[in-house]
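Trainee:
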Amino acid sequence: MGGTDGDVDGRLGGAVPDRISCLPDDLLHVMMLHLPCTSDAARTSILSRRWRRVWTGLPKLSFLYQTKPVSSQFAYHDRVDAALAACSAPTLHLLEI
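Residue numbers (the working numbering): 20 to 116.
1) Looking only at its chain, what residues have a beta carbon closer than 7 Å to the beta carbon of Y95, apart from the 5 residues adjacent to it on each side?
2) With 16 as the cutoff for other CB atoms within 10 Å, does V73 come out buried or exposed?
3) Hey, would you say T57 sits closer than 8 Å to L80, going by beta carbons?
4) Mapping the DSSP letters down to three states, classify L113 as helix, strand or coil.
5) With DSSP as the reference, please indicate the residues paired to P80 in a beta bridge.
6) For L52, which residues in the same chain have their Cβ closer than 7 Å to its Cβ, ignoring the five residues on either side in sequence?
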């Protein structure tokens, strides 16, 4: 990394996006589809502003349900409802609950 304005190591001041964030959404979606469930993909939204809504375009949504007390079941349903409301994919190819 030789000190030019295009360096990705961030030494020249100002935030330089990482190389993964520069990839198109379609390619990021392919990578996110390898995560175990949609909630894991949604957690990527904390990485940066760029990643905030990327997961909402996933064409496949998968929610893992584990037996828990009744109070947490309501929280689970709320999370599924929120994810479905945020979904911006033109077509869903898979919805697994």
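Backbone N, C-alpha and C define an ideal beta-carbon position, used for all residues, glycine too.
Mentor: According to the structure data:
1) If you ignore the 5 residues before and after Y95, its C-beta comes within less than 7 Å of the C-beta of Y84, all in its own chain and listed in chain order.
2) Label assigned to V73: buried.
3) Their beta carbons are under 8 Å apart, which means T57 touches L80 by this criterion.
4) Residue state, collapsed to three classes: strand.
5) According to the sequence provided, residue 80 is Leu. The question's Pro does not apply to it. DSSP lists L114 as the bridge partner or partners of L80.
6) The answer, listed in chain order, is L77, K79.
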